[in-house]
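Colleague: Please see the structure below; I have some questions.
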Amino acid sequence: MASNGPHLLGIDLGTSAVKVVVVDEQGTVTATGSAEYPVLNPRMGWAEQDPDAWWNATIAAIQQALGWAGGVAAVRAIGLSGQMHGVTFLGEGERPLYPAVIWADQRSEPQARAFTRKVGFERLIAIAGSPVASGFMAATIGWMQEEKASIWWRTRHLLSPKDELRRRLTGAIATDPGDGAATLLFDGRWRNWSPQLLDAAEVPSALMPQVRPSSAPAGELTRQAAEAVGLPPQTLVVTGTADTAASLLGAGIVDSGTLLLSLSTGAQVMTPGDSFAPDASGRTHTFCSALEPGAGAPGWYQMGATLVAGMAMRWLRDEILRLPAAGAYERMTSLAERSPIGARGALFLPYLVGERTPHMDAAARGAFLGLTAQHESGDLVRAVMEGVTLATYDAFAVLRETGAAPERIVMAGGGARSPLWRQMAADIFGLPVFALSTVDQAAMGAALLAGAGAGMFAPGAASQRWAQYGARSDPDPRRHERYQELSEIFREAYEPVVGVSHRL
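To convert, note that position 239 of the sequence shown is 1000 in the working numbering; the numbers rise steadily by one, no gaps.
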C-alpha cells in the first residue's frame, strides 16, 4: 500500500464494466482496477447481463487493484454502488433463474404503462417520486409475470445489480433506500417498500430485500468470496447505494448549492435536497440519497436524465465523420473551436434513442436543422456539443421549477475533460463550472460509505474533504445571452420535429 493506515475499497458495478478504487482514509487513491462485461441483446430492444459475468469481473478488478496496491491487510471495509433499476430473479438456493434485465431494456414498455394506469399517475409520483419506464424493476416484473410465468412463480428474491453482487460477497440479502427507490416499488418519503405499489405490482413483500442505510454494515466476506478476491474473510462489507447517489458523494456534493452535471454516454443533472418533493408532472426523478435525513443531511436528490451525450459524439465520429478512434475526440474538439456560437446556424436535437427529462418520450428522434452546403465538419461537431448541453439545460429548467437554486456546477464524466465543453456549459447555464478531478466518483462514493460503515468518519463531511476539483470556467455574460436565444429556439423545435418523427 502507498500509505500505512487503513484503506477502503469501493466497487462500482456499471453497465459495461466494474470499477474498483482503493483509497486511504484521506481519500487518496492508491490503486484502481476495472474489468468489462457485455450487454446481451438476444432480441431487438432487450438488454440483459449475466450475474456470473458481474462476479467474475469483480474478482478480476479487485485482484488487479490489490496487485497494484501491493498488499491486502490494510483494507478495512468494502463499499458498493451499481447501475440502477435492473433486477435479478433468484430461486431456491439463491440461484439466478434468468439473466439480469437491466435499465436499458425496452421490452416492458406495455407493462410500465399498465402499472401507471393501475396505480394512477399522480399517486405513483406522490409515492415513488418518479414515473416508471421500461427497464425499471416494477415494469420488468410485470413482463416476467406475463411472459415467463413459470420463472416468476419460482422466484424467491428480487435483487438490484449491486445487491446481487453483495450477496455473493457476504451472503446477505438486503438493499438500501437509493436502489430501493429506483425500483418504483418504494415509498420515497418513508424510505421503505410501499404496500400500495407492491400490491399493484402483485409482488409479495417477502420477495423484497430488507432495507438498510447505505452505510450500514451488511456482513463480512464469506470464506469462499475472500479466497476468490484475495482479502481476509473478516473484511467488512457495507450495504452501499445506487450509482447516482454514490456519484453525488464522490463528487463532494452534499448540499443544494451545487449541481452535478455528468456527461458520459447519457447525461444527468442532479442536486441534493432535504425533503421529498417530486415534480408533480413526473418530468424528473426524486430518489433517496445515500445519507440518512436529519441534522441537515440531504436525504433525497432530484435528477433530470437525458439519454444522449457522449453517445452523440461517438455516433458523429463513427457514422458521419468516420474518424479513427485514436485521438478522435481531440480532433473533433479542435474542429469545433473554429465554429462560432450557434454553429453558423446548425442546430442538433440529440434524441437518438428517445428522451427522458423533460419530455419522457421513448419515440422522440434526433435531427440536424438549418444545414446548408456551406457547413463544415467543425460546425457539425459544435452543433452536437451545443445540442447535448442545451438538452441538459432543459432538464435543469425543470429542477429549478421544483425549487433547485444552485450557485455552481461540478462537471463530471468524459465531457468534463474538454475545456471547450466546460466553457460551453458555463455559458449556457450561466453558472461557474468546476471540473471534477476525482476519478470514478461512484466508486469513490462507495469507498466513502465503507469508511462510514467502519466507523472511521461521517460520510457527508468526508465527501467534501475527499472531492478534488480542477479548472474553473466562468460564464461570459454576452455568450450566456446568446445561448438564451438558442435555448428558446431549441425548445420551440422539439414539438414540430418530434411530431414528424412519430409519423416516420
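Ideal Cβ placement from N, Cα and C applies to all residues, glycine included.
1. What are the partner residues of residue 840, as DSSP defines its beta bridges?
2. Just reading off the beta strand (DSSP E) that residue 981 is part of, what are its end residues?
3. So, is the C-beta of residue 796 closer than 7 Å to a C-beta in chain D?
4. Following the continuous beta strand (DSSP E) through residue 1233, name the residue where it begins and the one where it ends.
5. Under 7 Å, do residue 1011 and residue 998 count as touching if we go by C-beta distance?
6. Just to confirm the assignment: which complete alpha helix (DSSP H) runs, minimum length 4, are found wholly within the segment 1147-1196?
7. Go to residue 905, then tell me how far its alpha helix (DSSP H) extends in each direction, as first and last residue.
8. With DSSP collapsed to three states, give me the class of residue 845.
9. How do the segment 938-957 and the segment 1040-1052 stand: do at least 3 beta-carbon pairs fall below 8 Å, yes or no?
10. Quick one: using the 10 Å Cβ neighbour count with 16 as the cut-off for buried, is residue 1250 buried or exposed?
11. Using the C-alpha atoms, what's the distance from residue 1196 back to residue 1180?
12. Are the segment 1132-1148 and the segment 1091-1100 touching, with three or more C-beta to C-beta distances below 8 Å?
13. What does DSSP give as the partner residues of residue 779 in its beta bridges?
14. According to the neighbour-count rule (16 or more other Cβ atoms, all chains shown, within 10 Å of its Cβ), is residue 1060 buried or exposed?
15. Using a Cβ-Cβ cutoff of less than 6 Å, which residues in the same chain neighbour residue 872 once the five nearest sequence positions on both sides are dropped?
16. Could I get the ranges of all uninterrupted beta strand (DSSP E) runs contained in the segment 948-991, with 3 residues as the minimum, in chain order?
17. Locate the beta strand (DSSP E) running through residue 1076, then write down its first and last residues.
18. Let me know if residue 1176 comes out buried or exposed under the rule of 16 or more other beta-carbons within 10 Å of its beta-carbon.
19. Rounding to the nearest angstrom, what Cα-Cα distance links residue 763 and residue 909 in this structure?
20. Please report the residue range of the alpha helix (DSSP H) in which residue 1227 lies.
21. By alpha-carbon positions, which one of 1198, 1178, 855 ends up nearest to residue 1228?
22. How far does the alpha helix (DSSP H) with residue 877 in it reach, from first residue to last?
23. For residue 1046, name the three-state secondary structure that DSSP assigns.
24. Might you give, ordered along the chain, the residues of its own chain that have their beta carbon closer than 6 Å to the beta carbon of residue 1013, omitting 5 neighbours on each side?
25. Below 8 Å, can you find three or more Cβ-Cβ pairs linking the segment 1030-1040 to the segment 862-879?
26. List the endpoints of the continuous beta strand (DSSP E) containing residue 1238.
27. I believe residue 1290 touches residue 1157 by the beta-carbon criterion, under 8 Å. Please report the beta-carbon distance rounded to the nearest angstrom.
28. Could you have a look at residue 1053 and say whether DSSP puts it in helix, strand or coil?
29. Count the CB pairs spanning the segment 845-863 and the segment 1021-1038 that are closer than 8 Å, and state whether there are at least three.
30. May I ask you to list the residues that DSSP assigns as paired with residue 812?
31. Going along the chain, which residues of its own chain have a beta-carbon closer than 6 Å to the beta-carbon of residue 1043, five neighbours each way excluded?
32. Can you tell me whether DSSP reads residue 1039 as helix, strand or coil?
33. Below 8 Å, can you find three or more Cβ-Cβ pairs linking the segment 1120-1129 to the segment 1252-1259?
34. Kindly identify the DSSP beta-bridge partner or partners of residue 1065.
35. Output needed for residue 814: all residues of its chain with C-beta closer than 8 Å, excluding positions within five of it in sequence on either side, in chain order.
36. Under a three-way DSSP split, which group does residue 766 fall into?
Modeller: Reading it off the structure:
1. As a first step, residue 840 is located in the sequence shown; it is residue number 79 there, counting from the start. 771.
2. Within the sequence shown, residue 981 is the residue found at index 220, counting from 1. Residues 978-981.
3. In the structure shown, chain D cannot be found, because there is only a single protein chain.
4. Position 472 of the sequence shown, counting from 1, holds the residue named residue 1233. 1230-1234 is the extent of the beta strand (DSSP E) around residue 1233.
5. For the purposes of this step, residue 1011 is identified with residue 250 of the sequence shown, where counting begins at 1. For the purposes of this step, residue 998 is identified with residue 237 of the sequence shown, where counting begins at 1. No. Outside cutoff.
6. 1180-1190
7. Translated into the one-based positions of the sequence shown, residue 905 becomes position 144. Residues 898-908.
8. Residue 845 sits at position 84 when you count from the first residue of the sequence shown. It is coil, neither helix nor strand.
9. yes
10. On the sequence shown, residue 1250 is found 489 positions in, with the first residue counted as 1. Counting Cβ neighbours within 10 Å, residue 1250 comes out exposed, since fewer than 16 surround it.
11. Here residue 1180 refers to the residue found at position 419 of the sequence shown. Here residue 1196 refers to the residue found at position 435 of the sequence shown. Residue 1180 and residue 1196: Cα-Cα distance of roughly 9 Å.
12. yes
13. Numbered from 1 along the sequence shown, position 18 holds the residue referred to as residue 779. According to DSSP, residue 779 bridges with 774, 796.
14. Within the sequence shown, the letter at position 299 stands for residue 1060. Residue 1060 should be labelled buried.
15. Against the sequence shown, residue 872 aligns to sequence position 111. Answer for residue 872: 900, 903, 904, listed in chain order.
16. The segment 948-991 contains these whole beta strand (DSSP E) runs: 978-981.
17. The residue labelled residue 1076 in the question sits at position 315 within the sequence shown. Taken as a continuous stretch (DSSP letters only), residue 1076 belongs to no beta strand (DSSP E), being part of the alpha helix (DSSP H) at 1071-1076.
18. As a first step, residue 1176 must be located in the sequence shown, where it is residue number 415. Flag for residue 1176 reads buried.
19. Looking up residue 763 in the sequence shown gives position 2. Looking up residue 909 in the sequence shown gives position 148. Model confidence at residue 763 stands at a pLDDT of 49, short of 50, so the residue's coordinates are unreliable; what they give is reported in the following sentence. Computed Cα separation, rounded: 51 Å.
20. For the purposes of this step, residue 1227 is taken as residue 466 along the sequence shown, with counting starting at 1. Its alpha helix (DSSP H) spans residues 1220-1227.
21. Counted from its first residue, the sequence shown places residue 1228 at position 467. The residue with the shortest Cα to Cα distance from residue 1228 is 1198.
22. Locating residue 877 in the sequence shown gives position 116, counting from the first residue. Its alpha helix (DSSP H) spans residues 870-880.
23. Within the sequence shown, the letter at position 285 stands for residue 1046. Strand at residue 1046.
24. To locate residue 1013, count along the sequence shown from 1; it is residue 252. Excluding sequence neighbours, residue 1013 sits near 1224, 1225, 1228.
25. As far as the Cβ criterion goes, the segment 1030-1040 does not touch the segment 862-879, which means the pair count is below three.
26. In the sequence shown, residue 1238 corresponds to position 477, counting from 1. Not the beta strand (DSSP E): residue 1238 falls in the alpha helix (DSSP H), residues 1238-1264.
27. A question about residue 1290 goes unanswered here, because the residues of the chain that appear run from 762 up to 1265.
28. Here the question's residue 1053 lines up with position 292 in the sequence shown. In the structure shown, residue 1053 sits in coil (DSSP, three-state: anything other than H, G, I, E or B).
29. no
30. Within the sequence shown, the letter at position 51 stands for residue 812. Paired residues: none, contrary to the question.
31. In the sequence shown, counting from the first residue as 1, residue 1043 sits at position 282. Within the same chain, residue 1043 has close Cβ partners 886, 892.
32. Looking up residue 1039 in the sequence shown gives position 278. Here residue 1039 sits in coil by DSSP.
33. Flag = yes, the segment 1120-1129 and the segment 1252-1259 touch.
34. One-based indexing of the sequence shown puts residue 1065 at position 304. According to DSSP, which records beta bridges pairwise, residue 1065 is partnered with 1030.
35. Reading the sequence shown from its first residue, position 53 is the one you call residue 814. Contacts found: 798, 799.
36. Sequence index remark: in the sequence shown, residue 766 carries index 5 (1-based). Three-state DSSP puts residue 766 in coil, outside helix and strand.
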